Structures are given as C-alpha cells and as structure tokens.
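Step one of this worksheet: look at the structure below.
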Amino acid sequence: MVARPLTAKDRAAVKRLHGKGMSRNDIAREIKRSPSTVSKLARELGLSFERGHEVEAATVARKADLSARRAEMAERLHDAAERELGKMTEQTLYWEWGGKDHTYAQKLADEPIPADRRAIMSIVATALDRSLKLVPPKDDAGAESRSVIGDLIAGLTADYAARHGGPPPEPVEPEAADDDAP
-17 MVARPLTAKD
-7 RAAVKRLHGK
3 GMSRNDIARE
13 IKRSPSTVSK
23 LARELGLSFE
33 RGHEVEAATV
43 ARKADLSARR
53 AEMAERLHDA
63 AERELGKMTE
73 QTLYWEWGGK
83 DHTYAQKLAD
93 EPIPADRRAI
103 MSIVATALDR
113 SLKLVPPKDD
123 AGAESRSVIG
133 DLIAGLTADY
143 AARHGGPPPE
153 PVEPEAADDD
163 AP
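If you count by this note's numbering, then the sequence shown holds residues -17 to 164, one letter each, in order.
Printed below as a string of structure tokens:
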C-alpha cells in the first residue's frame, strides 16, 4: 500500500485542530491519517502535544483536594473522639432480658462501668490516632509559610522556564559603592 502524500490541506487541518486543543490521536482520526503522520506534521509546524504543565496542574489540584478531604476526615474523627469521651462521665442505662420468664430489667448508673469505660477509651484513642495520622500536628508554625513560599517560587520558576525556554537568569548583585569616589 502506498502512503498518501502530505498536502497543504493536511498541514492546515493539523494546525487548525491543534489550535482547538485536540489531541494527536483525535486529529489523526479526524483527518484520517496515522498518529505518527500527525506528529510529523506537528513537528514541521512547530507544534507540540506535550501536556506536562496541564498534567502537573491537575496533579497539584488533586493533591490539594485530597489534603482538604484528609483534613475534613481528621476533624470528624476528632469530633467522634470528643463525643465518646463525653460518655465517660454520663449516666448510662444498663438493661437485660433474663430469667426463666424472660423478664426485662434496667438500671441507670451514674457513669459507665470500668469495662465500658475501657472500651470508650479504646474508641477515643483509635479515633485520635487515625486523625493525627491523616493530619499530623505541625510543631513549627513558620514551616508551612516557608513551604508555601517555596512552592510559589518553584511554580514561578517553572512558568518562566515554560515561557522562555530555560531557567530565569541569576540575580545580579549591585556593585558596592566606591568610598573613595568624590
């Protein structure tokens, strides 16, 4: 089978569809050419299908979403621990069915019996442990702000590199003033 020659119409179609944000494979289906042919035409036209920055932005957004969900879950676990801890000193209703006549009996205790208090403590400890694993406490309040600033600088550097084809230039130190100058 002989390959069809590439035409100006093919080049124009690749340029137009690429401008609409279509992927290489979608363009190939649209113009009925192979993906490798579309890649070749795109290279000739100076176009790229690299989506690294889009994928990176989506990854950052997903991590932020997951971080927010972990923080929310940690808060809910803390709330549950507090509710359970409150039960340690609340009145507790104990009841049972028993005897040959299957009679019902109940007793209101001022607080849970030791075995129930031990179970409550276990629930509280587990909830707090899981909460702290989801969102560990920060000992250094400045670390978070330094991290945010570092992330900002890294993002600006990456944006500069994407726009200008390389890293930003190193800052130039101003020359010291000459004390002997008139």
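In this text, a Cβ means the ideal position worked out from N, Cα and C, and glycines have one as well. Quick caveat, the model's predicted, so the values are computed rather than measured.
TODO: Give me the Cα-Cα distance between residue 143 and residue 136, rounded to the nearest whole angstrom.
DONE: Roughly 11 Å separates the two Cα atoms.
Task: Environment of residue 42 [buried if 16+ CB atoms lie within 10 Å] - done: Under this definition residue 42 is an exposed residue.
- [ ] In angstroms with no decimal places, state the Cα-to-Cα distance between residue 106 and residue 149.
- [x] Separation of residue 106 and residue 149 (C-alpha to C-alpha, rounded to the nearest whole angstrom) is 51 Å.
Open item on the list: So, does the segment 49 to 62 touch the segment 30 to 37, judging by three or more C-beta pairs under 8 Å?
Closed with: Result no; under three Cβ-Cβ pairs closer than 8 Å.
Open item on the list: Just to confirm my understanding: we take residue 90, look at its own chain, exclude 5 residues before and 5 after, and list those with CB closer than 7 Å. What are they?
Closed with: Taken in chain order, the residues that qualify are 73, 75.
Open item on the list: Quick check: the Cα distance between residue 38 and residue 2, rounded to an integer number of angstroms?
Closed with: In a straight line, the C-alpha of residue 38 is about 21 Å away from that of residue 2.
Open item on the list: Going by DSSP in three states, residue 199 sits in which element: helix, strand or coil?
Closed with: This structure gives no information on residue 199, because the portion of the chain shown stretches from -17 to 164.
TODO: Assign residue 16 to one of two classes, buried (16 or more other C-beta atoms within 10 Å of its C-beta) or exposed (fewer than that).
DONE: Under this definition residue 16 is an exposed residue.
Task: Boundaries of the alpha helix (DSSP H) in which residue 110 is found, first to last residue - done: Annotation: the continuous alpha helix (DSSP H) that includes residue 110 extends over 96 to 116.
Task: residue -15 in three-state terms, based on DSSP - done: Note: residue -15 maps to coil in three-state DSSP.
TODO: Return the residue from the list 24, 35, 66, 9 that minimises the CA-CA distance to residue 139.
DONE: Closest by C-alpha distance to residue 139, out of 24, 35, 66, 9, is 35.
Task: Contact under 8 Å by Cβ, residue 87 with residue 93 - done: For the pair residue 87 and residue 93, the CB atoms are not nearer than the 8 Å cut-off.
Task: residue 153 versus residue 57 - alpha carbon distance - done: In a straight line, the C-alpha of residue 153 is about 44 Å away from that of residue 57.
Task: Spatial distance of residue 97 from residue 108 (CA atoms) - done: Taking the CA atoms as reference points, residue 97 sits about 17 Å from residue 108.
TODO: With a threshold of 16 other CB atoms inside 10 Å of the CB of residue 20, please say whether the residue is buried or exposed.
DONE: Residue 20 is buried by the Cβ-count criterion.
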